[in-house]
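Chemist:
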(Lines of atoms letter the chains of each structure in order from A; the text may use other names.)
(Lines give C-alpha, C1' and ligand atoms only; values in the text may rest on other atoms or scores of the structure.)
Protein backbone atom coordinates (compact mmCIF):
# COMPACT_ATOMS: atom_id res chain seq x y z
CA UNK A 13 0.00 0.00 0.00
CA UNK A 14 1.15 3.48 -0.71
CA UNK A 15 1.34 6.24 1.85
CA UNK A 16 -1.59 8.06 0.23
CA UNK A 17 -3.93 5.09 0.39
CA UNK A 18 -3.04 4.54 4.07
CA UNK A 19 -3.62 8.22 4.77
CA UNK A 20 -6.93 8.15 2.91
CA UNK A 21 -8.15 5.07 4.78
CA UNK A 22 -7.16 6.65 8.11
CA UNK A 23 -9.06 9.84 7.32
CA UNK A 24 -12.07 7.85 6.09
CA UNK A 25 -12.04 5.81 9.30
CA UNK A 26 -11.89 8.94 11.45
CA UNK A 27 -14.80 10.49 9.56
CA UNK A 28 -16.83 7.30 9.97
CA UNK A 29 -16.17 7.22 13.73
CA UNK A 30 -17.20 10.88 14.09
CA UNK A 31 -20.38 10.30 12.06
CA UNK A 32 -21.37 7.32 14.21
CA UNK A 33 -20.71 9.25 17.43
CA UNK A 34 -22.67 12.30 16.28
CA UNK A 35 -25.53 10.12 15.04
CA UNK A 36 -25.73 8.28 18.35
CA UNK A 37 -25.65 11.54 20.29
CA UNK A 38 -28.38 13.03 18.08
CA UNK A 39 -30.64 10.00 18.53
CA UNK A 40 -30.06 9.94 22.29
CA UNK A 41 -30.86 13.65 22.62
CA UNK A 42 -33.97 13.30 20.49
CA UNK A 43 -35.22 10.30 22.48
CA UNK A 44 -34.67 11.96 25.85
CA UNK A 45 -36.10 15.36 24.89
CA UNK A 46 -39.13 13.66 23.38
CA UNK A 47 -39.68 11.73 26.62
CA UNK A 48 -39.41 14.96 28.62
CA UNK A 49 -41.87 16.73 26.33
CA UNK A 50 -44.39 13.86 26.49
CA UNK A 51 -44.19 13.80 30.30
CA UNK A 52 -44.59 17.59 30.60
CA UNK A 53 -47.52 17.51 28.19
CA UNK A 54 -49.28 14.70 30.05
CA UNK A 55 -48.69 16.40 33.42
CA UNK A 56 -50.07 19.71 32.15
CA UNK A 57 -53.36 18.00 31.18
CA UNK A 58 -54.00 16.77 34.74
CA UNK A 59 -56.62 18.92 36.45
CA UNK A 60 -55.16 21.08 39.21
CA UNK A 61 -51.55 20.43 38.27
CA UNK A 62 -49.11 23.36 38.18
CA UNK A 63 -48.29 24.92 34.82
CA UNK A 64 -44.55 24.80 35.50
CA UNK A 65 -42.44 21.84 36.64
CA UNK A 66 -39.00 22.03 38.21
CA UNK A 67 -35.86 20.66 36.63
CA UNK A 68 -35.52 18.29 39.58
CA UNK A 69 -39.05 16.89 39.12
CA UNK A 70 -38.48 16.38 35.40
CA UNK A 71 -35.12 14.71 36.03
CA UNK A 72 -36.69 12.40 38.59
CA UNK A 73 -39.50 11.27 36.29
CA UNK A 74 -37.32 11.00 33.18
CA UNK A 75 -34.50 9.26 35.07
CA UNK A 76 -31.94 11.79 33.81
CA UNK A 77 -29.52 14.14 35.52
CA UNK A 78 -30.59 17.71 36.19
CA UNK A 79 -27.81 19.01 33.93
CA UNK A 80 -29.06 16.89 31.03
CA UNK A 81 -32.67 17.94 31.61
CA UNK A 82 -31.64 21.60 31.68
CA UNK A 83 -29.73 21.20 28.40
CA UNK A 84 -32.50 19.31 26.62
CA UNK A 85 -35.28 21.62 27.82
CA UNK A 86 -33.33 24.71 26.80
CA UNK A 87 -32.88 23.42 23.25
CA UNK A 88 -36.36 21.93 22.71
CA UNK A 89 -38.52 24.23 20.56
CA UNK A 90 -41.76 23.50 22.48
CA UNK A 91 -40.50 23.64 26.08
CA UNK A 92 -40.34 27.07 27.69
CA UNK A 93 -38.37 28.35 30.68
CA UNK A 94 -40.18 30.35 33.34
CA UNK A 95 -39.37 34.04 33.30
CA UNK A 96 -40.69 34.51 36.84
CA UNK A 97 -38.83 34.78 40.13
CA UNK A 98 -38.32 31.05 40.64
CA UNK A 99 -35.47 29.58 38.57
CA UNK A 100 -35.45 26.25 36.75
CA UNK A 101 -39.16 25.90 36.02
CA UNK A 102 -40.29 24.59 32.63
CA UNK A 103 -43.62 24.36 30.80
CA UNK A 104 -45.02 23.27 27.45
CA UNK A 105 -47.64 26.00 27.35
CA UNK A 106 -46.69 28.79 25.00
CA UNK A 107 -46.38 32.25 26.44
CA UNK A 108 -48.95 34.77 25.33
CA UNK A 109 -47.86 36.88 22.40
CA UNK A 110 -49.89 39.92 23.43
CA UNK A 111 -47.48 42.79 23.99
CA UNK A 112 -48.26 45.23 26.75
CA UNK A 113 -47.59 48.26 24.59
CA UNK A 114 -48.59 48.65 20.96
CA UNK A 115 -46.66 50.95 18.67
CA UNK A 116 -48.82 52.41 15.94
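Residue numbers (this note's numbering): 13 to 116.
Beta carbons are placed, not taken as given, at the ideal position from N, Cα and C, and that holds for glycine.
For the alpha helix (DSSP H) containing residue 95, name the first residue and the last one.
Modeler: Unbroken run through residue 95: none, as it is neither H nor E.
Chemist: If I measure Cβ to Cβ from residue 71 and keep anything under 7 angstroms in the same chain, skipping five residues before and after, which residues do I get?
Modeler: For residue 71, where only same-chain residues beyond five positions count, the Cβ hits under 7 angstroms are 77, 78 and 81.
Chemist: Measuring straight from C-alpha to C-alpha, what distance separates residue 49 and residue 63?
Modeler: Between residue 49 and residue 63, the C-alpha separation is close to 13 angstroms.
Chemist: Quick one, are the C-beta atoms of residue 101 and residue 94 less than 8 angstroms apart?
Modeler: Yes, the Cβ-Cβ distance between residue 101 and residue 94 is below 8 angstroms.
Chemist: Could you say which of 99, 90, 34 and 97 lies nearest to residue 46 if we only look at CA atoms?
Modeler: Taking only the C-alpha atoms, the option nearest residue 46 is 90.
Chemist: For residue 102, which beta-bridge partners are listed by DSSP?
Modeler: Answer by DSSP bridge pairing, in chain order: 65 and 93.
Chemist: Looking at the unbroken alpha helix (DSSP H) that takes in residue 54, where does it start and where does it end?
Modeler: Note, residue 54: alpha helix (DSSP H), 15 to 56.
Chemist: Buried or exposed: where does residue 67 fall if 16 or more other Cβ atoms within 10 Å of its Cβ makes it buried?
Modeler: So residue 67 ends up on the buried side.
Chemist: Contact defined as beta carbons within less than 8 angstroms: I believe residue 15 pairs with residue 52. What is the distance between those atoms, to the nearest angstrom?
Modeler: Actually they do not touch by this definition, with Cβ atoms about 55 angstroms apart.
Chemist: Beta-carbon separation of residue 8 and residue 55 under 8 angstroms?
Modeler: Not covered by the structure: residue 8. The range shown for the chain is 13 to 116.
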